[in-house]
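Protein sequence lines correspond, in order, to chains A and B. With the numbering used here, letter number 155 in the first sequence gets 154, and the count goes up by one each step, no holes. With the numbering used here, letter number 67 in the second sequence gets 66, and the count goes up by one each step, no holes. Every residue, glycine too, gets a C-beta built ideally from N, C-alpha and C. To start, the structure itself, in structure tokens.
Number of protein chains: 2
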Amino acid sequence: MKSTGRNRVAEAVHQRRGLVNDAICERLPIEHPERLYEASRYLLDAGGKRLRPTVFLLTAEALTGVEPTSDDYRKFGPEEIDIMSGAVSVEVIQSFTLIHDDIMDDDDLRRGVPAVHREYDLDTAILAGDTLYSKAFECMLDTGAPASRSVQALDELATTCTEICEGQSLDVEFEQRGDVSTSEYLEMVELKTAVLYAASASIPAILLGAETETIEALHDYGLDVGTAFQIQDDLLDLTIPSEKLGKQRGSDLVEGKRTLISLHAREQGVDVDSLVSTESVEAVSESEIDEAVERLEAVGSIEYARNVARDLISEGKDRLSVLPESEARLVLEDIADFLIEREY
Amino acid sequence: MKSTGRNRVAEAVHQRRGLVNDAICERLPIEHPERLYEASRYLLDAGGKRLRPTVFLLTAEALTGVEPTSDDYRKFGPEEIDIMSGAVSVEVIQSFTLIHDDIMDDDDLRRGVPAVHREYDLDTAILAGDTLYSKAFECMLDTGAPASRSVQALDELATTCTEICEGQSLDVEFEQRGDVSTSEYLEMVELKTAVLYAASASIPAILLGAETETIEALHDYGLDVGTAFQIQDDLLDLTIPSEKLGKQRGSDLVEGKRTLISLHAREQGVDVDSLVSTESVEAVSESEIDEAVERLEAVGSIEYARNVARDLISEGKDRLSVLPESEARLVLEDIADFLIEREY
Chain A
0 MKSTGRNRVA
10 EAVHQRRGLV
20 NDAICERLPI
30 EHPERLYEAS
40 RYLLDAGGKR
50 LRPTVFLLTA
60 EALTGVEPTS
70 DDYRKFGPEE
80 IDIMSGAVSV
90 EVIQSFTLIH
100 DDIMDDDDLR
110 RGVPAVHREY
120 DLDTAILAGD
130 TLYSKAFECM
140 LDTGAPASRS
150 VQALDELATT
160 CTEICEGQSL
170 DVEFEQRGDV
180 STSEYLEMVE
190 LKTAVLYAAS
200 ASIPAILLGA
210 ETETIEALHD
220 YGLDVGTAFQ
230 IQDDLLDLTI
240 PSEKLGKQRG
250 SDLVEGKRTL
260 ISLHAREQGV
270 DVDSLVSTES
280 VEAVSESEID
290 EAVERLEAVG
300 SIEYARNVAR
310 DLISEGKDRL
320 SVLPESEARL
330 VLEDIADFLI
340 EREY
Chain B
0 MKSTGRNRVA
10 EAVHQRRGLV
20 NDAICERLPI
30 EHPERLYEAS
40 RYLLDAGGKR
50 LRPTVFLLTA
60 EALTGVEPTS
70 DDYRKFGPEE
80 IDIMSGAVSV
90 EVIQSFTLIH
100 DDIMDDDDLR
110 RGVPAVHREY
120 DLDTAILAGD
130 TLYSKAFECM
140 LDTGAPASRS
150 VQALDELATT
160 CTEICEGQSL
170 DVEFEQRGDV
180 STSEYLEMVE
190 LKTAVLYAAS
200 ASIPAILLGA
210 ETETIEALHD
220 YGLDVGTAFQ
230 IQDDLLDLTI
240 PSEKLGKQRG
250 SDLVEGKRTL
260 ISLHAREQGV
270 DVDSLVSTES
280 VEAVSESEID
290 EAVERLEAVG
300 SIEYARNVAR
310 DLISEGKDRL
320 SVLPESEARL
330 VLEDIADFLI
340 EREY
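Now the structure itself:
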């Protein structure tokens, strides 16, 4: 990826983030009961790149040939569809899943602030997630698209949410199991993470009345880049220095977290559980991590994960050929590259 | 309510329960990942009267003049709409809210079996609720109704879910507050409990293409009877002998739970927190409860709650005049009466 591509992604995200943030505030005002709505907004207000809504808006632009950010996202295209309301919907779903996941993983921090169940309490966090869930559906119902398309968009959103739950359930289950295969892992990642990218890329096509073939190709683009995104997360944990990563490098290994890399190594006969013997992230030494990473490199597991991610991105970009050539399509390609080249 | 009315309700519920149960099994098969779907079905399989789906089906019958249970609920009326899928949807929402509420209230038992977070664990219970949430939307999307009506039905369902969260949030908040008024309490009950009855009575009208006036009247019928239903719950705790109640009479008073009765008494100047001084349900004596109930009777609080419930039921029944006369409408009237005359 050339630096022009990287800049294009940064600019595209930057240009849309403010608009998305404004729309979130409008769609989720702090109203009665205040504590519930404050908790629902807490994580959304803490930041985030808004990558999924950006993909949503860019896809709409690429489909219609509208110049990036030149049109009013709330009255988008000749049919004046509120594409922004759909973009907010996927971000709100993302936020709901993070709030509930943090409870399940007992994570204390998210986006640099306390997790919602820490800042508030368990009850409020469960309820905040539940509120965002229905609010996301309300947003998706409110695009002003023709009814038959709205029904299809809602169907895609509901199926996506079911799959995210299935993926999270598998993730929780895998923590207890020693015999998870790489293909099971990839299925879990597709369900837990990639389907929301698939929804973000395909729902705008549904709302704008695109052909089934286009909708499906965009859906698959989302699956590919979303899966690669998660694999890159797994790779970053091993390949980026701790200072840059903002947390101990190799913490997934210390904590015994299953990743595509460790599962591949296990399939090569490596006893991954004893790669790092130190049991706490605080106590582990860089040299112990270095040795573990060398071992993973030696059996080809890091290269394997890199190749899987690379192939997915290449495949995902190819799928964008259903879209007419445009600046927006270029950015969607750049976003695919960015997802596996990012270092954070 | 005459015994014929009571019998009619029992029969109506009995006739439909088996059909609703079959449809639930079909809509929520135990599929991969099994543990998630088993947990999602656990509470649904544990029983329940299926009162909300029964209201849903009866309203559809009353609107179309179809003889009760004579038609195929999956191809209902001349447009062959799958009314059963909508009826399952509201029951699934009810089940999702119970699973999450039991976590928040730290309740151990529900419908005579362990709560889902006890039978499984916290993570699985959160996820089971989340899965039912999206499954309910999938069911409501699957009625085969014309798209514009489906959109309106989904909108009603999403709004209902948001309101249930608001109501539950107020309920949690009220436990910490000493100054809750009867009108705040009634608002909470409307949001937490009554709106799902309103959805159960109005969504079939939406799906069948009824007039706005009819939809709204049925919605208000649901609000009225749903609110009265909760007030009756509050009354039962004080007025039914422990043996019959299946738990200690007056346990709401012992546990300091806010009810319409205790809040009314507080507004009359009664120090409700000291009505019962024993702090555990196990240790309280019947005579202490008797005295507390006498005091609540003396200030008119029990009579007040009875009157509020009675007025709501009377108002709710009147609203059914938008429906043509039919056997199904009679049963909907009987259900209203049943909700405040039931002793369980």
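Which listed residue (the options) has its alpha carbon closest to that of residue i
i, options, result
"residue 59/A", "202/A, 334/A, 259/A, 291/A", "202/A"
"residue 49/A", "15/A, 145/A, 331/A", "15/A"
"residue 83/A", "8/A, 110/A, 20/A", "20/A"
"residue 36/B", "145/B, 47/B, 95/B", "95/B"
"residue 223/A", "233/A, 235/A, 133/A, 197/A", "197/A"
"residue 112/B", "145/B, 163/B, 151/B, 38/B", "38/B"
"residue 179/A", "122/A, 235/A, 261/A, 191/A", "261/A"
"residue 219/B", "183/B, 311/B, 233/B", "311/B"
"residue 144/B", "182/B, 77/B, 90/B, 114/B", "77/B"
"residue 44/A", "32/A, 56/A, 28/A", "28/A"
"residue 13/B", "243/B, 301/B, 67/B", "67/B"
"residue 163/A", "185/A, 195/A, 278/A", "195/A"
"residue 121/A", "107/A, 138/A, 102/A", "102/A"
"residue 42/A", "114/A, 257/A, 53/A, 297/A", "114/A"
"residue 241/B", "289/B, 215/B, 226/B", "289/B"
"residue 172/A", "264/A, 104/A, 55/A, 269/A", "104/A"
"residue 110/B", "306/B, 125/B, 46/B, 170/B", "46/B"
"residue 217/B", "159/B, 232/B, 211/B, 200/B", "200/B"
"residue 340/B", "231/B, 325/B, 318/B, 307/B", "231/B"
Bounding residues of the alpha helix (DSSP H) (the contiguous stretch that carries residue i)
i, result
"residue 116/A", "115-118"
"residue 166/B", "146-174"
"residue 44/B", "33-44"
"residue 209/A", "Per DSSP, residue 209/A belongs to no alpha helix (DSSP H) and is neither H nor E."
"residue 12/A", "2-26"
"residue 128/B", "121-140"
"residue 262/A", "259-266"
"residue 253/A", "250-253"
"residue 188/B", "181-188"
"residue 313/B", "300-318"
"residue 243/B", "241-244"
"residue 54/A", "50-63"
"residue 285/A", "285-297"
"residue 274/A", "Residue 274/A -> no alpha helix (DSSP H), and no H or E assigned at all."
Cross-strand partners of residue i (DSSP beta bridge)
i, result
"residue 75/A", "80/A"
"residue 109/B", "112/B"
Beta-carbon contacts of residue i that lie in its chain and below 6 Å, excluding the five residues immediately before and after
i, result
"residue 92/A", "135"
"residue 228/A", "338"
"residue 342/B", "239"
"residue 131/B", "39, 91, 94, 95"
"residue 280/B", "247, 250, 253"
"residue 165/B", "190"
"residue 119/B", "38"
"residue 213/A", "204, 321"
"residue 226/B", "188, 189, 193, 311"
Where residue i meets chain A, residues with beta-carbon distance less than 7 Å
i, result
"residue 99/B", "125, 129"
"residue 103/B", "122, 125"
Residue i: CB within 7 Å of a non-hydrogen atom of the ligand FAD
i, result
"residue 117/A", "The ligand FAD is not part of this structure, which contains no ligands at all."
Neighbourhood of residue i by C-beta, 7 Å cutoff - its chain only, sequence neighbours within 5 removed
i, result
"residue 148/B", "205, 206, 208"
"residue 128/B", "95, 98, 99"
"residue 151/A", "205"
"residue 80/B", "142, 143, 144, 206, 207"
"residue 272/A", "255"
Contact set between residue i and chain B, taken where Cβ atoms lie within less than 8 Å
i, result
"residue 119/A", "Near residue 119/A there are no residues of chain B at all, since even the closest Cβ is about 11 Å away, more than 8 Å."
"residue 137/A", "154, 157, 158, 161"
"residue 32/A", "165, 168, 169, 172"
"residue 198/A", "Within chain B, no residue comes near residue 198/A; the closest Cβ sits about 12 Å away, beyond 8 Å."
"residue 35/A", "164, 165, 168"
Interface partners of residue i on chain B, CB under 7 Å
i, result
"residue 167/A", "126"
8 Å Cβ cutoff, residue i in contact with chain D
i, result
"residue 150/B", "Of the protein chains in this structure, namely A and B, none is chain D."
Sequence-distant residues of its chain with Cβ nearer than 8 Å to residue i (five each side left out)
i, result
"residue 31/A", "none"
"residue 301/B", "234, 237, 238, 260, 292, 295"
"residue 334/B", "8, 11, 50, 53, 54, 57, 224"
Partners in chain A for residue i, counting only beta-carbon separations shorter than 9 Å
i, result
"residue 256/B", "Near residue 256/B there are no residues of chain A at all, since even the closest Cβ is about 16 Å away, more than 9 Å."
"residue 88/B", "By Cβ distance, chain A contributes nothing, its closest Cβ being about 11 Å from residue 88/B, past 9 Å."
Under 8 Å by beta carbon: chain A residues contacting residue i
i, result
"residue 140/B", "150, 153, 154, 157"
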